[in-house]
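One structure below.
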Amino acid sequence: NAGVTQTPKFQVLKTGQSMTLQCAQDMNHEYMSWYRQDPGMGLRLIHYSVGAGITDQGEVPNGYNVSRSTTEDFPLRLLSAAPSQTSVYFCASSYSNEQYFGPGTRLTVT
Amino acid sequence: GQSLEQPSEVTAVEGAIVQINCTYQTSGFYGLSWYQQHDGGAPTFLSYNALDGLEETGRFSSFLSRSDSYGYLLLQELQMKDSASYFCAVSVAGNTPLVFGKGTRLSVIA
Numbered sequence: 002n003a004g005v006t007q008t009p010k011f012q013v014l015k016t017g018q019s020m021t022l023q024c025a026q027d028m029n030h031e032y033m034s035w036y037r038q039d040p041g042m043g044l045r046l047i048h049y050s051v052g053a054g055i056t057d058q059g060e061v062p063n064g065y066n067v068s069r070s071t072t073e074d075f076p077l078r079l080l081s082a083a084p085s086q087t088s089v090y091f092c093a094s095s096y097s098n099e100q101y102f103g104p105g106t107r108l109t110v111t
Numbered sequence: 038g039q040s041l042e043q044p045s046e047v048t049a050v051e052g053a054i055v056q057i058n059c060t061y062q063t064s065g066f067y068g069l070s071w072y073q074q075h076d077g078g079a080p081t082f083l084s085y086n087a088l089d090g091l092e093e094t095g096r097f098s099s100f101l102s103r104s105d106s107y108g109y110l111l112l113q114e115l116q117m118k119d120s121a122s123y124f125c126a127v128s129v130a131g132n133t134p135l136v137f138g139k140g141t142r143l144s145v146i147a
């Protein structure tokens, strides 16, 4: 099993550009989520999904969209990148009490 | 709102024991989890407590007191590789996102 995979690992965007961060898991987990991690802020939830076709907002959803068309994939879309979205983004999936995190995407918006 | 409090930094000597505390105020409570994150890496699951008491997994133990809204992670026989950030996280309801604390940076010194 590959676990949770994320692409790309690194990305630089200009203000106003859009892009999609990819996340996939091969563990057949229903629950998936996206977090952003900034220095001193811990992990903050952006969006999450409890199954295909179901998504909901987390603590910091503004500027991001998600969809869940399959159990395996949970992409995160940045609609119009802003410097405030410079961060490390983690995708996670879980079946019960343990969350499995992907390796992260380090995003810089200039 | 939801809040979790944990110390921002802890330093301990190799071979010693260290305790990282976490207090929480949340709208609900299903369980308390602990995650470890090395610099540049992804968070990895350490433990989960749903009931009061101590759970032991090798050198790591985790404790929960639901009446005090308090838990801790105990690391014994510290090794240099234990230098990392440690996050407590609360499940406020079933099948819902975790709420994370801001993390405790543990430095193990010789």
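From first to last, the protein sequence lines stand for chains Y and V.
FYI, this note's numbering numbers position 48 of the first sequence as 49, with every residue one higher than the one before it.
FYI, this note's numbering numbers position 108 of the second sequence as 145, with every residue one higher than the one before it.
Note that the Cβ used here is the ideal one computed from N, Cα and C, for glycine as well.
Check                                                                                                                                                                             : Outcome
So, at 7 Å on beta carbons, what are the nonlocal neighbours of S64/V in its own chain, with the 5 sequence-adjacent residues on each side left out?                              : Q39, V129
Comparing alpha-carbon positions, which option in D74/Y, Y49/Y, V89/Y, Q26/Y lies nearest P62/Y?                                                                                  : Y49/Y
Indicate whether the contact test is met: 3 or more Cβ pairs, each with one atom in the segment 84 to 101 of chain Y and one in the segment 24 to 40 of chain Y, closer than 8 Å. : yes
Against chain Y, with Cβ distances strictly below 9 Å, would S144/V count as a contact?                                                                                           : no
Here's the rule: buried if 16 or more other CB atoms are within 10 angstroms of the residue's CB, otherwise exposed. What is R69/Y?                                               : buried
Taking the beta carbon of L91/V as the centre, do at least 16 other beta carbons fall within 10 Å, making it buried, or is it exposed?                                            : exposed
Q73/V by DSSP, collapsed to three states: which one?                                                                                                                              : strand
Out of curiosity, what's the CA-to-CA distance linking Y61/V and G138/V?                                                                                                          : 9 Å
Can you pull the chain B residues whose beta carbon is under 8 Å from the beta carbon of G54/Y, in chain order?                                                                   : Absent here is chain B; the protein component of the structure consists of chains Y and V.
For a contact defined as C-beta to C-beta under 8 Å, what are the partners of K139/V on chain Y?                                                                                  : G41, M42, G43
Applying the 10 Å Cβ sphere with the 16-neighbour rule, what's the burial state of V13/Y?                                                                                         : exposed
Where DSSP assigns a beta bridge to T16/Y, which residues make up the other side?                                                                                                 : DSSP lists no partner for T16/Y.
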